[in-house]
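Numbering (the UniProt record's numbering), first residue to last: 1 to 1188. Cβ coordinates follow ideal geometry from the N, Cα and C atoms, glycine included. On a predicted model such as this, the values are computed, not experimentally measured, just so you know.
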């Protein structure tokens, strides 16, 4: 088959090149091993370059070998053809050419009637000749197998690239804004100029870097909150080092080369050494930037301990294989190898020697090839024999280290489960025939590995252990959810039989059914539904139908609908139709509409699906939805789909909507029309379409501004000219009596102020410095030429007043000016701008304001030279910029401590709030900047001072979970342990947010866990599902029976339901009951383990909503009496026990947990209802049998 595709010459050259690489790769690997041994005390960079050089030399040798073999094959093939033809027409004695015969002596074998061919054949071929003959016969098969291997690995490689791309673009969130200063600082120190995306994702298990042209650093969701700033700094520095060194590109080339030589372990060994030294190089760079060798080592050790305890966080950071110990030893040895001149010279010599060796080896190949061809032609009739053992196929039983080295590229390897320490430990355990004892902490990770592997027997083995089947891994997945995402139906059945909660809602609002819908696991979804999985559960971030629609799985969406899923989204924040429209899932949208979905339905923001499709630019989806009508539907802001399309510049969608009946509705609640939005964004094409369709060019918004006002201020000169050509009124004034020209003047004056400030004292604009031209100047003259006027321009002298109304502002309109200096000011000409900076001292307070603006901007940009000059020039250190910052609050916002010190020495008020309401200390606390908080407290900032928003620094630290800042504030005398003005406990907020570290710190400081008004902390932790916080509070003495009243609202929104939902009111409920209302098995177990009374009752009322309220806030604000009047009371129960609540949820696992803890199933309410009655009323017959 392959002979029909490639020429025989090419097959011969390829085949023998592959044979030669067997000894060439082994030789280069041996040489690299010796070189690395000799260079063991040299820097990692030297060893890395050496390893790269060896791989390059090996590839060069292979390339030269192939080229020489191929060049020689063509003429040899011609000779063999001629010889074959001669043999067919002559006897063996006549095979030699006549010319050769004539030159032979008479005593030669040929002359005596004997030939060399006959002589050779009579003696029989030797071993070497037999091997050569065998390979010559089987070269087509060898080349075919090699090509198949390369093709398979290449397809796998492309699939992994696609998977990596999906990881970077789906289900990710950007790093918090508070980390921006640190990231910018690290990029600056490393000299990284290209933009880097910093993302978190629940789909990844450890930090890693991907990409070359558009690099991205991905962290697992949750890792940012578990490490302090110093630890994050070292890890991020390591990842940025990969970007600095272009490791992704090098690794990509390295991977492609390894695919070509996939059959040779030596090639993978060389690649592994490159990987190892690459990590060392990045470690060195990270240490060089952060200066934290010991701290970095401790961070790695901490992550390793966390990983062995059940956390896969450090998978990417800790590397792979057995190299972790060596990395720690390097970091703590004191020598990180920064590289010297001598090392550089040594490296260059080694590389030169390797390249020379490559050329020499390829020349030797040529000699061997000539001998091979000679032997082959002499023994062409000899039978082939089996190949020797040393040339046999590469064995399949590679070591685990070699298998790990065969992964495609570093970033993918860092994400693969097979590279985690848990997986390695699991694989090693299986190699020991699964008989070695394992610790309790590894049982759950091993169970998850068995599920990923798809081993039903292993899963069954671990299910016999005492494992909580409903706990989650770092990605928030339970074993059942993981099996659902992997579409492991048999394992799903096994888990459910063993008691896995099919409706468990994780802390991130995820269920097994949602995971199946997200991953497109149809059979898994079908099995879960058959086992009783609910399609719509309270507490979920999105429904299963939402995810199926968003990810484009119409088959699963249909399955969910058949099982009663609410596809309308009524009563929820969104719907499947909205999700599908926003993601551009055309066929899903089409199937939803055919199934009766309401195209006019609105989400929590009052927006239709068409609104999202128009905003995102999904033309086909927009056309499909527009055909259903509702093209002019408005959202809560009064905006229409055309408005969103116009703002985003989707001209084709604007045209579609106009064709379908979309019109200018007169503006949104702010009076803004689509033309306003398009003009402000400067989108010429959309402006043209709207004007052509009859948009009112002079329509005014609520502030009296026309599209021309917005174009003059933001949109730019081309749009201004479009509007002027359409007849826009250049003299129209807004409610502040501003014309479009006034806004244009402000933009121009801002530009000129900056230009003057940059000149320096005594300087002027000239041919050398250049004239400050810009679109803002041209825009002013375009409006003046169109007849625009402004009250700020003196009618005769053309002086321009400042925006604050001051007269005599030194800017003069002069149409013919170029370098004109007269009249005591700056002459703004139509051809150019000229100015003398000598007039800077006469500028008004507006220029002083601009100096403050520039000072704040310089601090934001960390431009030390610029703000030193501004401080020396007398910039107001207590002024406010246009965005509301003072210089000091900007320094706090950016964590620039040096700036903070300089500003305080320059007279900045340390406790002054800016226009946004924040003080320097509250701004630093809000952003989590420990060093700035420390600096401000040391300089005398009031630790208890509340800003204009009513919050002190401790409030922000508690809200965001910054426990280190809490410690600093506490040490500075702040009342972090006191109740607030409303009597709330400082524990309430961290307990509700699940901030275990802050809760622990406050308890250490003596905060009473039972003090304060409202629902107490342990109740809040139970309601929000934070079992770890519950355990900490219980150890701190929290009263686990202390009651609190609350209400729980559930929306149904189904056609088959007689009610729209239910409202339950609980009076004096225990934390255990509130945990049960959320079906939270983990929190309930934590409470019972801590000693909560399993029988503590409360009073409960449940109402059935006859009609849906406009929003849930209305329901929350209704008094109990109003509820009795407006809605049907289903029951009122005194002495309602936790067991009754569990029975009402329908969760048999909760009931079993309570019964095992001693719940009394004989108890009844005062109205005579028992838990058994509740189960029967709910139709839970199996549960009722337990409770009878």
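Rounded to a whole number of angstroms, what is the C-alpha to C-alpha distance between residue 148 and residue 198? Counting from 1 along the chain shown, the entry for residue 148 is found at position 148. Counting from 1 along the chain shown, the entry for residue 198 is found at position 198. Looking at the two C-alpha atoms, the distance is approximately 38 angstroms.
Less than 8 angstroms between the C-beta atoms of residue 1079 and residue 1028, yes or no? The residue you call residue 1079 lines up with position 1079 of the chain shown. The residue you call residue 1028 lines up with position 1028 of the chain shown. Against a cut-off of 8 angstroms, the Cβ pair of residue 1028 and residue 1079 comes out as no contact.
Can you have a look at residue 503 and say buried or exposed, based on whether 16 or more other CB atoms are within 10 angstroms of its CB? Taking the first residue of the chain shown as 1, we reach residue 503 at position 503. Answer is buried; the Cβ neighbour count reaches 16.
Given residue 532 as reference, the closest of 566, 496, 297, 523 once Cα atoms are compared: One-based indexing of the chain shown puts residue 532 at position 532. It is 496 whose Cα lies nearest to the Cα of residue 532.
Check whether the stretch 1136-1145 touches the stretch 1161-1168, counting contact only when three or more Cβ pairs, one atom from each stretch, lie closer than 8 angstroms. yes
In or out: residue 918 buried (at least 16 other Cβ within 10 Å) or exposed? Walking along the chain shown from the start, residue 918 turns up at place 918. Label assigned to residue 918: buried.
Short check: CB of residue 601 to CB of residue 629, under 8 angstroms? Against the chain shown, residue 601 aligns to sequence position 601. Against the chain shown, residue 629 aligns to sequence position 629. Taking 8 angstroms as the Cβ cut-off, residue 601 and residue 629 do not qualify as a contacting pair.
Between the Cα of residue 257 and those of 564, 150, 281, spot the shortest distance and give me the residue it belongs to. Stepping through the chain shown from its first residue, residue 257 is reached at position 257. For the residues 564, 150, 281, the minimum Cα distance to residue 257 belongs to 150.
Are the stretch 949-961 and the stretch 990-1004 touching, with three or more C-beta to C-beta distances below 8 angstroms? yes
For residue 454, which residues in the same chain have their Cβ closer than 8 angstroms to its Cβ, ignoring the five residues on either side in sequence? For this step, residue 454 is matched to residue 454 along the chain shown. Excluding positions up to five away in sequence, the list reads 486, 488, 491.
Nearest by alpha-carbon distance to residue 896: which of 907, 535, 857, 876 is it? Indexing the chain shown from 1 puts residue 896 at position 896. Nearest option by C-alpha distance: 857.
Based on DSSP bridge pairs, tell me the residues matched to residue 1067. Your numbering for residue 1067 matches position 1067 in the chain shown. Its beta-bridge partners are 1099.
Would you kindly work out how many angstroms separate the C-alpha atoms of residue 525 and residue 478, rounded to a whole number? Your numbering for residue 525 matches position 525 in the chain shown. Your numbering for residue 478 matches position 478 in the chain shown. Spanning the two alpha carbons is a distance of roughly 15 angstroms.
CA-to-CA distance, residue 894 to residue 180, given in whole angstroms: As a first step, residue 180 must be located in the chain shown, where it is residue number 180. As a first step, residue 894 must be located in the chain shown, where it is residue number 894. For residue 180 and residue 894, the distance between alpha carbons rounds to 8 angstroms.
Tell me whether residue 621 sits in a helix, a strand or coil according to DSSP, three-state version. Start at 1 with the first residue of the chain shown, and residue 621 comes out as number 621. Three-state result, residue 621: helix.
Every unbroken alpha helix (DSSP H) within the UniProt repeat "ANK" (540-572), with a cutoff of 4 residues, ordered by chain: 544-551, 554-562
Closest by C-alpha distance to residue 171, when choosing among 606, 261, 201, 33: Residue 171 sits at position 171 when you count from the first residue of the chain shown. Taking only the C-alpha atoms, the option nearest residue 171 is 201.
So, residue 1081 versus residue 1155, is the Cβ gap smaller than 8 angstroms? Indexing the chain shown from 1 puts residue 1081 at position 1081. Indexing the chain shown from 1 puts residue 1155 at position 1155. In this structure, residue 1081 keeps its C-beta atom at 8 angstroms or more from the C-beta atom of residue 1155.
Note down the Cα distance separating residue 278 from residue 45, rounded to an integer number of angstroms. Counting from one through the chain shown, the residue named residue 278 turns up at place 278. Counting from one through the chain shown, the residue named residue 45 turns up at place 45. Computed Cα separation, rounded: 8 angstroms.
Cβ-based burial, residue 449 [other Cβ within 10 Å; buried from 16]: Residue mapping note: residue 449 aligns to position 449 of the chain shown, counting from 1. Buried, since its Cβ has 16 or more Cβ neighbours within 10 Å.
Straight-line Cα distance separating residue 725 from residue 166: Here the question's residue 166 lines up with position 166 in the chain shown. Here the question's residue 725 lines up with position 725 in the chain shown. Near 46 angstroms, if we compare the C-alpha coordinates of residue 725 and residue 166.
8 angstroms contact criterion, which residue 954 and residue 976 should meet: CB distance rounded: Reading the chain shown from its first residue, position 954 is the one you call residue 954. Reading the chain shown from its first residue, position 976 is the one you call residue 976. Indeed, because the Cβ distance is near 5 angstroms, the residues count as touching under 8 angstroms.
Please determine, among 1140, 1063, 458, the residue with the shortest C-alpha to C-alpha distance to residue 1122. Your numbering for residue 1122 matches position 1122 in the chain shown. Comparing Cα positions, the closest option is 1063.
Nearest-angstrom Cα separation, counted from residue 1119 out to residue 1129: If you number the chain shown from 1, residue 1129 lands on position 1129. If you number the chain shown from 1, residue 1119 lands on position 1119. Rounded to whole angstroms, residue 1129 to residue 1119 spans 14 angstroms at the Cα level.
Three-state secondary structure assigned by DSSP to residue 1105: Here the question's residue 1105 lines up with position 1105 in the chain shown. The answer is strand: DSSP assigns residue 1105 an E or B state.
With 16 other Cβ atoms within 10 Å as the buried cut-off, status of residue 61: Numbered from its first residue, the chain shown carries residue 61 at position 61. Its Cβ being crowded by 16 or more others within 10 Å, residue 61 is buried.
Would you give the residue range spanned by the alpha helix (DSSP H) that residue 269 belongs to? Start at 1 with the first residue of the chain shown, and residue 269 comes out as number 269. It spans 265-290 - the alpha helix (DSSP H) in which residue 269 sits, taken as one unbroken run.
Applying the 10 Å Cβ sphere with the 16-neighbour rule, what's the burial state of residue 160? The count along the chain shown starts at 1 and reaches residue 160 at position 160. The residue is buried, with at least 16 neighbouring Cβ atoms inside 10 Å.
Unbroken beta strand (DSSP E) run spanning residue 1128, endpoints: By one-based count along the chain shown, residue 1128 stands at place 1128. From DSSP, the beta strand (DSSP E) with residue 1128 extends over 1128-1136.
For chain D, find out if any of its Cβ atoms is closer than 8 angstroms to the Cβ of residue 991; answer yes or no. No chain D is present in this structure, which holds just one protein chain.
For the pair the stretch 699-714 and the stretch 648-662, tell me if three or more CB-CB distances fall below 8 angstroms. no
Cα-Cα separation, residue 1061 to residue 1049: Here the question's residue 1061 lines up with position 1061 in the chain shown. Here the question's residue 1049 lines up with position 1049 in the chain shown. Taking the straight line joining both Cα atoms gives about 7 angstroms.
Residue from 745, 746, 443, 909 whose Cα sits closest to the Cα of residue 467: Position 467 of the chain shown, counted from the first residue, corresponds to residue 467. For residue 467, the nearest C-alpha among the options comes from 443.
Reference residue 1173; option with closest CA among 553, 460, 1144: As a first step, residue 1173 is located in the chain shown; it is residue number 1173 there, counting from the start. Closest by alpha carbon: 1144.
Residue 538 - containing beta strand (DSSP E), residue span: As a first step, residue 538 must be located in the chain shown, where it is residue number 538. Unbroken run through residue 538: none, as it is neither H nor E.
Where the alpha helix (DSSP H) through residue 613 begins and ends: Your numbering for residue 613 matches position 613 in the chain shown. In the DSSP assignment, residue 613 falls within the alpha helix (DSSP H) that extends over 609-616.
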